[in-house]
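Visitor: In this text, residue positions in the sequence shown follow the working numbering: the first is 2, and each later residue adds one.
From the three backbone atoms N, C-alpha and C, an ideal C-beta is built for every residue, glycine too.
If you scroll down you'll find the structure; I have some questions about it.
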Amino acid sequence: GSRNGSAGQEAKATAALRKAAASEGIGLGLQYDPAARLYAGACASCHYNGKALNPLRPDLALNSAVSMDDPTNLIQVILHGVSAADGAPGVVMPGFTGFSDADIARLAAWLRKTRTDKPAWADLQNKVAAIREPGRAQGKGE
Ligand code: HEC
2 GSRNGSAGQE
12 AKATAALRKA
22 AASEGIGLGL
32 QYDPAARLYA
42 GACASCHYNG
52 KALNPLRPDL
62 ALNSAVSMDD
72 PTNLIQVILH
82 GVSAADGAPG
92 VVMPGFTGFS
102 DADIARLAAW
112 LRKTRTDKPA
122 WADLQNKVAA
132 IREPGRAQGK
142 GE
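Here it is, written out as structure tokens:
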């Protein structure tokens, strides 16, 4: 379906993009922040679109996964990617299982901080571990 909703939604999208563009100066210009570097290397090729809005490759400021109360969705997406069945037809995002729990936690926290006004997620690294390997994080729970 179309991602262009009401005018109100568009105004919200514009504000979110402005915020993302403002933080992008830090994120992609001076890449001292390790999370910004991770993002630039692994995600920005598809998700950085400061110039134009490509509806198939949304800026993450527009995505609910970064602004939810629970980080599970975002962690799932980073770990497992998005298949064509989940998203728009014909587009896929690879999973990043090669990233360490710490890297994913760092990246999720950074996206949260630079893309939203919401409070930081707590205990991210343990959540990543639990989602990656439910048995391990909950003890010997299988
Ligand atoms: C090869 C291109 C590509 C790369 C690299 C990539 N993505 Fe994506 N990403 C996509 C596509 C395509 C979608 C699906 C868009 C849609 O259907 O709405 C997506 C969707 C997402 C979503 C929304 C998922 C949802 O359920 O709506 C998030 C969050 C996301 N990506 C984060 C990331 C992060 C973080 C990275 C880096 C670790 C990354 N992506 C790297 C292409 C990519």
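#1: Judging by CA-CA distance, which residue of Ala16, Ser84, Asn127 is the nearest neighbour of Arg107?
#2: Smallest Cα separation from Phe97: which of Ala12, Ala16, Val129, Trp122?
#3: Do Leu80 and Arg113 have their beta-carbon atoms positioned less than 8 angstroms apart in this structure?
#4: By a C-beta neighbour count over all protein chains shown, 10 Å radius and 16 as the cutoff for buried, is Val93 buried or exposed?
#5: Using the three-state DSSP reduction, which class does Val67 fall into: helix, strand or coil?
#6: Quick check on Thr115: buried or exposed, where buried means 16 or more other Cβ atoms within 10 Å of its Cβ?
#7: Between Ala41, Ala16, Met69, Glu11, which lies nearest to Ala1 when the distance is taken from Cα to Cα?
#8: Give the straight-line distance between the Cα atoms of Lys20 and Ala131, rounded to the nearest whole angstrom.
Guide: In short, the structure shows the following:
#1: For this step, residue 107 is matched to residue 106 along the sequence shown. The residue with the shortest Cα to Cα distance from Arg107 is Asn127.
#2: Working through the sequence shown from its first residue, we reach residue 97 at position 96. Nearest of Ala12, Ala16, Val129, Trp122 to Phe97, Cα basis: Val129.
#3: Position 112 of the sequence shown holds residue 113. Position 79 of the sequence shown holds residue 80. In this structure, Leu80 does not lie closer than 8 angstroms to Arg113 by Cβ.
#4: For the purposes of this step, residue 93 is taken as the residue at position 92 of the sequence shown. Exposed, by the Cβ-count rule.
#5: For this step, residue 67 is matched to residue 66 along the sequence shown. Note: Val67 maps to helix in three-state DSSP.
#6: Translated into the one-based positions of the sequence shown, residue 115 becomes position 114. Per the 10 Å Cβ criterion, buried.
#7: A query on residue 1 cannot be resolved here, the shown segment of the chain reaching from 2 to 143 and no further.
#8: Translated into positions along the sequence shown, residue 20 becomes position 19. Translated into positions along the sequence shown, residue 131 becomes position 130. About 31 angstroms.
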